[in-house]
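Mapping of the sequence shown onto mature numbering (1 follows the signal peptide of the UniProt record, and there is no 0): residues -18 to -1, 1 to 251, in sequence order. Data block below; observations after.
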Amino acid sequence: MVSLRALALAVLAGVTLASPLDKSEIQNLVPRQSTTWNDPYIKKPYAFAAQAVGNCNYQITFRRDGFDSRHTIRFYATYPGSSTRREITPVTRSWTTSRTGIADYGLYTVPNGNNYVISVHRFTGICASGSSGSAPSSLFVRSTLGDGYTYRNDFISPAITPVTATLPLPPTNLRVVKVAGTTGNYTASWSPSSSATGGYYALIRIRVYASELGGFVPGTRTMVTSPGQTSVTFKIYSRDELDSVAVSSQAATDVVSDPTIIPIVAPSA
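Take a look at the structure:
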């Protein structure tokens, strides 16, 4: 079901905010990267963190407005002895791709988090010479408002200093089955991971029926469990369709499993 806030944002984006600019106006509005957030309709991202997980591999997490469909996310690194930012590209996978087309492996809802989600991004071989050389001294997240708006927002995060970390292993033996005798009820269960000291995120991918469009749009629902919990039961509304379920482990706050190896399964009959 499309939320009232999401519909309101869509209306604002399509009518109030997205009035076309002529060429002279566009040329006069040159985007400039800034640590100041300049979008009054989307909340500012925060809680930027980076984990160095070995072999020149890294994971960046930050908290992002769950309704943000208008900003493009890009990533940069700097290296010892230089302040020049080099763009780095996250590993891609087809699990959760954000509405901007940027690969967001995790859009994990924050409990009581005012509609924020944890955005998780995996990088491999980003030392100065790829899989060797100097490690990044700082990482950055850039959030750029798309074209067609009457204002500009080109936000760059503060420098993120990576910390050495071991990511929690994901659970195993994930199964998703329909609950017998019910309409739209499913149970996802898994074998526990000993490193999931902070519990699990069950990411439920749904094809949501949008009556306004006369078709389906992708959606992801997140369920958060306690460390010892190894199953969740959830309901899919009658006109929606369950696509798949993924489960990630959490250790410390926002330190989650490598998203490229989390189990993803479709429901069993």
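Note that the Cβ used here is the ideal one computed from N, Cα and C, for glycine as well. All of these numbers come straight from a predicted model, not from anything done at the bench.
- Bridge partners of Val158, per DSSP? Ala170
- Item | Given Asp222 as reference, the closest of Ser139, Tyr131, Asp240, Thr165 once Cα atoms are compared | Thr165
- Taking only the alpha-carbon atoms, compute the straight-line gap between Ala29 and Ala141 and give it to the nearest angstrom. 12 Å
- Task: To the nearest angstrom, report how far apart Lys26 and Thr207 are at their CA atoms.
- Result: 27 Å
- Message: Suppose you measure from the CA of Ser116 to the CA of Ile70; what does that come to, to the nearest Å?
- Response: 15 Å
- Item | Opposing strand residues paired with Gly197 [DSSP bridges] | Here Gly197 is bridged, per DSSP, to Ala192.
- Task: Given a cut-off of 8 Å, decide if Gly128 and Thr54 are closer than it, judged by their beta-carbon atoms.
- Result: For Thr54 and Gly128, yes; Cβs fall inside 8 Å.
- Could you tell me whether the Cβ atoms of Val99 and Arg52 are closer together than 8 Å? no
- Secondary structure at Phe122, three-state DSSP: helix, strand or coil? strand
- Message: With a threshold of 7 Å on Cβ separation, who are the neighbours of Asp236 within its own chain once the five nearest residues in sequence on each side are excluded?
- Response: Ala29, Ala31, Thr43, Ile100
- One or two residues paired with Tyr28 in a DSSP bridge: DSSP lists Arg45 as the beta-bridge partner residues of Tyr28.
- Message: Are the CB atoms of Ala170 and Pro150 within a distance shorter than 8 Å?
- Response: Not in contact: Pro150 and Ala170 (Cβ atoms no closer than 8 Å).
- Since Tyr61 sits in a beta bridge, which residues does DSSP pair it with? Partner(s): none; Tyr61 has no beta bridge.
- If you draw a straight line from the alpha carbon of Gly48 to that of Tyr61, how long is it in whole angstroms? 31 Å
- Message: Only counting the same chain, and skipping five residues up and downstream in sequence, which positions put a Cβ closer than 6 Å to that of Tyr58?
- Response: Arg67, Glu69, Phe122
- Item | Three-state secondary structure assigned by DSSP to Cys109 | Residue state, collapsed to three classes: strand.
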